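K.L.:
Before I ask anything, let me first share the structure, which is written out below as structure tokens.
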Ligand code: NAD
Ligand code: NAI
Ligand code: ISE
């Protein structure tokens, strides 16, 4: 069966995902698109030469019986409403991170899905599909290096625009580390503290950049995560796991090696589009493959989305306080089939 997609939000990543469904992946087709700006949706249909219907609203997409699943790629605060409506309509949903920008919003989604009695939602935590992260997890789990003790993460973007605010460093950016480190270690967070280094002159006015987040897990692993979104030189994602008997880290992504004019260099990727291109392909192909055979999605679940936002809210709270903030994930709401930490 071909999975017929409706897309809600045709901005940067919405167009990326449409392109991959149409041109690179198998088993999916985009049949309807909408955006809060209908001009943006119309432009997307024309620019990508889609054989898809322009819908006036998400409701029109969700009521359309020829749509099997939706991709939600609007901005974060709009996700909750779209996902809840999609669940109510019985449609499968691939939603970009964050699942929702509030903890209560995530809980409403987890509960709505549980009431449906089956998984419908997959969250776009694509790092779980990235080959280097997958290898890193396998190496840690092999036990060859002993127990993990410390993790050092770096998340750098070349630049952001004036709409990016200090709290977005958590819910837009750090949220990837919050999800992937929990998945790598199979461990939950207990507390977080934020440090503000001197702010770069390249930051838009009012934005704290860079920021350092120190997190501790239940087993005592200490994670130091730097978010620096105006680093100027490119898109740089690093993760080093220090274990009892060795250190395992992400290698530089595939790139050429240049020896020139007395230098030995490697180009740095400029954007998430390139760095995680294969991972975005893999996460969506996995979603399509499951939906096509009527199976529940098996990627990051609404519960994973809830945990990431819940920990994210603790990080935002720590941004405003000069002290450690305790993190307590509400686990009693976990309903077997929704939990996915693996
Ligand atoms: P964007 O601003 O380029 O696009 C967002 C689009 O959503 C815009 O076209 C906007 O008009 C539309 N939109 C906003 N509210 C809407 C609503 N209520 N209904 C319909 N359309 C609406 O943003 P983007 O960079 O594409 O990011 C979109 C989402 O993707 C965000 O949640 C972001 O966190 C996520 N994202 C994830 C990654 C990743 O690496 N996984 C990378 C980029 C973006
Ligand atoms: P964007 O701003 O380029 O696009 C968002 C689009 O959604 C805009 O066209 C906007 O008009 C539309 N939109 C907003 N609210 C809407 C609504 N209620 N209904 C319909 N359309 C709506 O943003 P971008 O960068 O594409 O990000 C979108 C989402 O993707 C965000 O959640 C972001 O966090 C996520 N994202 C994820 C990435 C990843 O690596 N997984 C990378 C980039 C973005
Ligand atoms: C964006 O939304 C993403 O998800 C990217 O992966 C991240 O690097 C960037 O900071 C976010 O704004």
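Residue numbers (the working numbering): 107 to 448. Yeah, the Cβ is synthetic: ideal placement off N, Cα and C, and Gly gets one too. In this text, all values refer to a predicted model and were calculated from it rather than measured experimentally.
1. Between which two residues does the alpha helix (DSSP H) harbouring residue 386 extend?
2. Pick out the complete alpha helix (DSSP H) segments inside the stretch 231–312, 4 residues or longer, and give them in chain order.
3. From the DSSP output, read off the bridge partner residues of residue 369.
4. Tell me the rounded alpha-carbon separation between residue 428 and residue 216.
5. Nearest-angstrom Cα distance between residue 287 and residue 206?
6. Give every residue of the same chain whose Cβ lies closer than 6 Å to the Cβ of residue 161, excluding the five residues on either side of it in the sequence, and list them in chain order.
7. Quick one: what's residue 134 bridged to in DSSP?
8. Counting C-beta neighbours from all protein chains within 10 Å, is the total for residue 351 16 or more, i.e. buried, or is it exposed?
9. Count the other CB atoms within 10 Å of the CB of residue 353; is the residue buried (16 or more) or exposed (fewer)?
10. Take residue 334 and list the residues in its own chain whose beta-carbon comes closer than 6 Å to its own, dropping the five residues that flank it on each side.
11. Is residue 146 near ligand 1, judged by its Cβ being under 8 Å from some heavy atom?
12. Please tell me whether residue 417 and residue 295 are closer than 9 Å, where the distance is taken between their beta carbons.
13. So, for residue 154: in the same chain, excluding its five sequence neighbours on each side, which residues have a beta-carbon less than 8 Å away from its beta-carbon?
14. So, are the CB atoms of residue 285 and residue 406 less than 9 Å apart?
15. For the beta strand (DSSP E) holding residue 346, just list the boundary residues, first then last.
16. Assuming residue 176 contacts residue 115 under a Cβ cut-off of 8 Å, what Cβ separation, rounded to an integer in Å, is found between them?
17. Quickly, what does DSSP pair residue 319 with across the bridge? List them, please.
18. Under 7 Å Cβ to Cβ from residue 283, same chain only, skipping five residues before and after it: list those, please.
19. Taking the alpha-carbon of residue 356 as reference, which of 403, 151, 344 has the nearest alpha-carbon?
20. May I have the straight-line CA-CA distance separating residue 399 from residue 189, to the nearest angstrom?
21. Apart from the five residues on each side of it in sequence, which residues of its chain come closer than 7 Å, Cβ to Cβ, to residue 324?
22. What's the call for residue 377, buried or exposed, on a 16-neighbour Cβ count within 10 Å?
23. For residue 488, does the count of other Cβ atoms within 10 angstroms reach 16, so buried, or fall short, so exposed?
24. Can you tell me whether residue 220 is helix, strand or coil according to DSSP?
25. For the alpha helix (DSSP H) holding residue 121, just list the boundary residues, first then last.
26. Work out the CA separation of residue 267 and residue 340 for me, nearest whole Å.
27. So is residue 204 buried or exposed if we call it buried at 16+ other beta carbons inside 10 Å?
28. Between the C-alpha atoms of residue 442 and residue 312, what's the straight-line distance to the nearest angstrom?
29. How would you call residue 241, buried or exposed, if buried means at least 16 neighbouring beta carbons within 10 angstroms?
30. Between the C-alpha atoms of residue 431 and residue 145, what's the straight-line distance to the nearest angstrom?
31. Check whether the Cβ atoms of residue 408 and residue 227 sit closer than 9 Å, and answer yes or no.
P.N.:
Walking through what the data contain:
1. Start at 1 with the first residue of the chain shown, and residue 386 comes out as number 280. Segment 383–398, the alpha helix (DSSP H) holding residue 386.
2. 237–248, 281–291
3. Start at 1 with the first residue of the chain shown, and residue 369 comes out as number 263. The partner list for residue 369 (beta bridge, DSSP) reads 366.
4. Within the chain shown, residue 428 is the residue found at index 322, counting from 1. Within the chain shown, residue 216 is the residue found at index 110, counting from 1. Spanning the two alpha carbons is a distance of roughly 32 Å.
5. If you number the chain shown from 1, residue 287 lands on position 181. If you number the chain shown from 1, residue 206 lands on position 100. Cα-Cα distance, rounded: 20 Å.
6. Locating residue 161 in the chain shown gives position 55, counting from the first residue. Excluding sequence neighbours, residue 161 sits near 138, 140, 167.
7. Here the question's residue 134 lines up with position 28 in the chain shown. 109, per the DSSP bridge assignment.
8. Counting from 1 along the chain shown, the entry for residue 351 is found at position 245. Counting Cβ neighbours within 10 Å, residue 351 comes out exposed, since fewer than 16 surround it.
9. Taking the chain shown and counting its residues from 1, the one referred to as residue 353 is at position 247. With fewer than 16 Cβ atoms within 10 Å of its Cβ, residue 353 is classed as exposed.
10. Within the chain shown, residue 334 is the residue found at index 228, counting from 1. So the list reads 262, 316, once near-sequence residues are dropped.
11. Numbered from 1 along the chain shown, position 40 holds the residue referred to as residue 146. Indeed, a heavy atom of ligand 1 lies less than 8 Å from the Cβ.
12. Locating residue 417 in the chain shown gives position 311, counting from the first residue. Locating residue 295 in the chain shown gives position 189, counting from the first residue. Yes, these two residues count as a Cβ contact at 9 Å.
13. Indexing the chain shown from 1 puts residue 154 at position 48. Closer than 8 Å at Cβ, skipping near neighbours: 121, 124, 125, 128.
14. In the chain shown, the residue the question calls residue 285 occupies position 179. In the chain shown, the residue the question calls residue 406 occupies position 300. Yes, the Cβ-Cβ distance between residue 285 and residue 406 is below 9 Å.
15. The sequence position of residue 346 within the chain shown is 240, counting from 1. It spans 342–349 - the beta strand (DSSP E) in which residue 346 sits, taken as one unbroken run.
16. Locating residue 176 in the chain shown gives position 70, counting from the first residue. Locating residue 115 in the chain shown gives position 9, counting from the first residue. Not quite, the Cβ-Cβ distance comes to about 10 Å (not below 8 Å), so this is no contact.
17. Indexing the chain shown from 1 puts residue 319 at position 213. 300, 331.
18. Position 177 of the chain shown, counting from 1, holds the residue named residue 283. Only 259, 261, 331 meet the Cβ criterion.
19. For the purposes of this step, residue 356 is taken as residue 250 along the chain shown, with counting starting at 1. Residue 356 has its Cα closest to that of 344, out of 403, 151, 344.
20. For the purposes of this step, residue 399 is identified with residue 293 of the chain shown, where counting begins at 1. For the purposes of this step, residue 189 is identified with residue 83 of the chain shown, where counting begins at 1. C-alpha separation (whole angstroms): 21 Å.
21. For the purposes of this step, residue 324 is identified with residue 218 of the chain shown, where counting begins at 1. Excluding sequence neighbours, residue 324 sits near 293, 294, 296.
22. Locating residue 377 in the chain shown gives position 271, counting from the first residue. Residue 377 comes out exposed.
23. The structure shown does not extend to residue 488, since the chain is modelled only from 107 to 448, so the question has no answer here.
24. Indexing the chain shown from 1 puts residue 220 at position 114. Looking at residue 220 - three-state DSSP - the assignment turns out to be helix.
25. The sequence position of residue 121 within the chain shown is 15, counting from 1. Per DSSP, residue 121 belongs to the alpha helix (DSSP H) from 118–125.
26. Here residue 340 refers to the residue found at position 234 of the chain shown. Here residue 267 refers to the residue found at position 161 of the chain shown. Rounded to whole angstroms, residue 340 to residue 267 spans 15 Å at the Cα level.
27. Here the question's residue 204 lines up with position 98 in the chain shown. Classification of residue 204: buried, given that the 10 Å Cβ count is 16 or more.
28. In the chain shown, the residue the question calls residue 442 occupies position 336. In the chain shown, the residue the question calls residue 312 occupies position 206. Below a pLDDT of 50, predicted positions are generally treated as unreliable, and residue 442, at 41, falls in that range; no measurement from the model is reported.
29. Within the chain shown, residue 241 is the residue found at index 135, counting from 1. Burial call: exposed.
30. In the chain shown, the residue the question calls residue 431 occupies position 325. In the chain shown, the residue the question calls residue 145 occupies position 39. About 43 Å.
31. On the chain shown, position 302 is the one that residue 408 refers to. On the chain shown, position 121 is the one that residue 227 refers to. Going by C-beta atoms, residue 408 is nearer than 9 Å to residue 227.
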